[in-house]
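Q: Each residue of the sequence shown is one higher than the one before, starting from 1 at the first, in the numbering used here.
Even glycine gets a Cβ: it sits at the ideal position worked out from N, Cα and C.
Quick caveat, the model's predicted, so the values are computed rather than measured.
Can you read through this structure? Questions will come right after.
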Amino acid sequence: MLTGDKIGLRARHAADLPVLRTELFNDVTYAARVETAPWRPIGPDSNDPRLVVDDTDEERVRFSVVESRGGTLIGSANLWGIDAHNRCAHIGLGLLPSARGKGYGTDVVAVLCHYAFVVRGLRRLQIETLSDNTAMLRAAERNGFVQEGLLRSSAWVLGEFLDEVVMGLLAQDWKPEPRG
Ligand SMILES: CC(C)(COP(=O)(O)OP(=O)(O)OC[C@H]1O[C@@H](n2cnc3c(N)ncnc32)[C@H](O)[C@@H]1OP(=O)(O)O)[C@@H](O)C(=O)NCCC(=O)NCCS
1 MLTGDKIGLR ARHAADLPVL RTELFNDVTY AARVETAPWR PIGPDSNDPR
51 LVVDDTDEER VRFSVVESRG GTLIGSANLW GIDAHNRCAH IGLGLLPSAR
101 GKGYGTDVVA VLCHYAFVVR GLRRLQIETL SDNTAMLRAA ERNGFVQEGL
151 LRSSAWVLGE FLDEVVMGLL AQDWKPEPRG
């Protein structure tokens, strides 16, 4: 398990699936704002790749996010688009509604940076998020990401086109918190 100040990133467990399915991926608003494909309902026996992890996929690593204290499941996070030649990747995360706004997201980004830069030896990370997603933008900025671009009207979200922001961080600009 990878640990930060407040959270841990561990492998997906079978018991995580119903929680993530109900509270994240079957939430239409969440899916509309986070996914690039249109929302579809996910049934209890679905092997949807957002839930059931494919360990043979070299381009993506999925984690379940847990509270450091107590180990309660609080969300999902992943490193995706891993490009071993250009040594870059993207990060994505989603916390259960009850876990948002408590500093967990900022810590998840920090631990994903550690995984990407230290464990995987990557040089560059990227985040794409809606321009009105203040919490995601701040969580990224707090970890050293800077805005690199604005994709105007790039996301269809529940009846309107919204702008997306591209945030980037290079390994040489990353200032990790000391880890015990
Ligand atoms: C986006 C998300 C991961 C951020 O994690 P979080 O734990 O809620 O954020 P944090 O508590 O670490 O807060 C980060 C910063 O955003 C601010 N913030 C948190 N929630 C906010 C909100 N609803 N509105 C405005 N600012 C907010 C915090 O004050 C903090 O700012 P600071 O660094 O200046 O103190 C989380 O809210 C989430 O899962 N949202 C739904 C899914 C999503 O949008 N995922 C990202 C897709 S790219």
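Please name the residue, chosen from 76, 82, 153 and 33, that lies closest to residue 109 on a Cα-to-Cα basis.
A: One-based indexing of the sequence shown puts residue 109 at position 109. The residue with the shortest Cα to Cα distance from residue 109 is 76.
Q: How many angstroms separate the CA atom of residue 143 from the CA atom of residue 11?
A: By one-based count along the sequence shown, residue 143 stands at place 143. By one-based count along the sequence shown, residue 11 stands at place 11. The alpha-carbon atoms of residue 143 and residue 11 are separated by roughly 23 angstroms.
Q: Count the other CB atoms, across all protein chains shown, that sit within 10 Å of the CB of residue 24; report buried if there are 16 or more and exposed otherwise.
A: Numbered from its first residue, the sequence shown carries residue 24 at position 24. Buried.
Q: State yes or no: is the C-beta of residue 127 nearer than 7 angstroms to some heavy atom of ligand 2?
A: Ligands displayed in this structure: ligand 1; ligand 2 is not among them.
Q: Got a sec, what are the start and stop residues for the beta strand (DSSP E) residue 163 sits in?
A: Here residue 163 refers to the residue found at position 163 when the sequence shown is read from its first residue. Note, residue 163: beta strand (DSSP E), 160-170.
Q: Quick one: give me the first and last residue of the beta strand (DSSP E) that residue 129 is part of.
A: Numbered from its first residue, the sequence shown carries residue 129 at position 129. Note, residue 129: beta strand (DSSP E), 124-130.
Q: With a threshold of 7 angstroms (Cβ to nearest heavy atom), would residue 30 be considered close to ligand 1?
A: The residue given as residue 30 occupies position 30 in the sequence shown. Yes, the Cβ of residue 30 comes within 7 angstroms of a heavy atom of ligand 1.
Q: With respect to 7 angstroms, is the separation between the Cβ of residue 175 and the closest non-hydrogen atom of ligand 1 below this value?
A: For the purposes of this step, residue 175 is taken as residue 175 along the sequence shown, with counting starting at 1. Residue 175 Cβ: outside cutoff for every heavy atom of ligand 1.
Q: For residue 118, which of helix, strand or coil comes out of DSSP?
A: Looking up residue 118 in the sequence shown gives position 118. Looking at residue 118 - three-state DSSP - the assignment turns out to be helix.
Q: How far does the beta strand (DSSP E) with residue 83 in it extend, from its first residue to its last?
A: Walking along the sequence shown from the start, residue 83 turns up at place 83. Run containing residue 83: 73-83, per the beta strand (DSSP E) assignment.
Q: Nearer than 7 angstroms: is that true of the beta carbon of residue 106 relative to any heavy atom of ligand 1?
A: Residue 106 sits at position 106 when you count from the first residue of the sequence shown. At least one heavy atom of ligand 1 is nearer than 7 angstroms to the Cβ of residue 106, so yes.
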